[in-house]
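Numbering (our numbering), first residue to last: 130 to 204.
Ideal Cβ placement from N, Cα and C applies to all residues, glycine included.
Everything below concerns the one structure shown next.
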Amino acid sequence: MDPLFYVIAIMGCGDVGNSCQEARVEPARYESAAQCQAAMGDALVRNSDLSFPVVSAACQTNGQRMAQANSRKAG
130 MDPLFYVIAI MGCGDVGNSC QEARVEPARY ESAAQCQAAM GDALVRNSDL SFPVVSAACQ
190 TNGQRMAQAN SRKAG
């Protein structure tokens, strides 16, 4: 099973930030949401060539997350 990781999705939006659509996904993978969020500014600069009035970024999870069973019994 693949581990959970985060990627940066670059979104192109209309003039008022609505009607957004995913334009690109950055190739880098991040192990935590905090690492992903810290890299968003640089990702936006790299993707400033998109033909949208507003370009934004969002961290998205990718991979699979395993549920952990609670080993303690109620009682």
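Euclidean distance between Cα positions of Tyr135 and Cys165: 6 Å
Do Glu160 and Ala138 have their CB atoms nearer than 9 Å? no
Quick one: give me the first and last residue of the beta strand (DSSP E) that Ala157 is part of. Ala157 -> no beta strand (DSSP E), and no H or E assigned at all.
Rounded C-alpha distance that separates Ser70 from Asp144: Because the chain here runs from 130 to 204, residue 70 falls outside it and cannot be looked at.
Would you list the residues sitting across from Ser185 in a DSSP beta bridge? Met140
Just to confirm, are Ala157 and Met140 a CB contact at a threshold of 9 Å? Their beta carbons are not under 9 Å apart, which means Ala157 does not touch Met140 by this criterion.
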